[in-house]
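In our numbering, the protein residues as written are 5 to 209. Glycine included, C-beta positions come from ideal geometry on N, C-alpha and C.
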């Protein structure tokens, strides 16, 4: 089960040999140095830790920089562990897009776009009220409970609040093309996050 970290570059379209047009998201995937291997004997679980996002040394704090120097890894901004994905990897190896294949199904996780504080119409698809004849209920959520009993608002009521900005996993995406010389991966469809965000790519077994 290959896994890799990638940066979302944006969306474009790809013309296939049969004339079809594929809407794809372009990801700059890797190279990701292996910075640690977790084992059941030592850590109680199996995982591989990958680094991504080359930066200057002065951009990192001393503990992180010292840790990376200890494992002979170049300075990277992001460290992520992937459970049960170690396989034959060892510390010092580098994971690239060549670990994947065209046509392979993957799932991609990242932080979705934040929409800020939104009302119930945008956040929960509520219907709006009448907009004429002096209506005072154009976008109000309406009643959310009785007054005397239970004299409180139940937890979980769908109301206004922060929308988006949470971790999202998109499953069932297909790799359309791989460009190893440029570390690029083209995936059919949309991917969580904004341009420039770091995402996690795993095979979707």
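**Report entry** Minimum C-alpha distance to residue 142 - residue among 130, 40 and 78
**Finding:** Put simply, of 130, 40 and 78 the residue whose alpha carbon is nearest the alpha carbon of residue 142 is 130.
Requested in this report: Check whether the stretch 105 to 114 touches the stretch 140 to 156, taking contact to mean three or more Cβ pairs, one atom from each stretch, closer than 8 Å.
Outcome: No: the two stretches stay apart, fewer than three of their Cβ pairs being nearer than 8 Å.
Query raised in the report: Given residue 44, which residues of its chain have a CB within under 7 Å of its CB, disregarding the five upstream and five downstream residues?
Result: Closer than 7 Å at Cβ, skipping near neighbours: 50.
Query raised in the report: When we look at the beta-carbon of residue 204 and count the other beta-carbons within 10 Å, is it buried (16 or more) or exposed?
Result: Buried, by the Cβ-count rule.
Query raised in the report: Where does residue 185 fall in DSSP's three states?
Result: Looking at residue 185 - three-state DSSP - the assignment turns out to be helix.
Query - Alpha-carbon spacing of residue 40 relative to residue 98, whole angstroms - result: Looking at the two C-alpha atoms, the distance is approximately 12 Å.
Report task. Using 7 Å as the cut-off, classify the Cβ of residue 170 as near or not near the heavy atoms of the ligand SAM, replying yes or no. Result -> Because no ligand of any kind appears in the structure shown, any question about the ligand SAM cannot be addressed here.
**Report entry** Residue burial classification, residue 187 (beta-carbon count within 10 angstroms, cutoff 16)
**Finding:** Result: buried.
Query - Pair within 8 Å by beta-carbon distance, residue 29 and residue 191 - result: In this structure, residue 191 lies closer than 8 Å to residue 29 by Cβ.
Query raised in the report: DSSP on residue 9, reduced to helix/strand/coil?
Result: Under the three-state reduction of DSSP, residue 9 is assigned to strand.
Query raised in the report: Would a C-beta distance cut-off of 8 Å place residue 208 and residue 114 closer than the cut-off?
Result: Between residue 208 and residue 114, the C-beta spacing is not below 8 Å.
Report task. Quick one: grab the DSSP three-state call for residue 42. Result -> Three-state DSSP puts residue 42 in a strand.
Requested in this report: Can you tell me which of 67, 166, 96 and 134 puts its alpha carbon nearest to the alpha carbon of residue 128?
Outcome: Taking only the C-alpha atoms, the option nearest residue 128 is 166.
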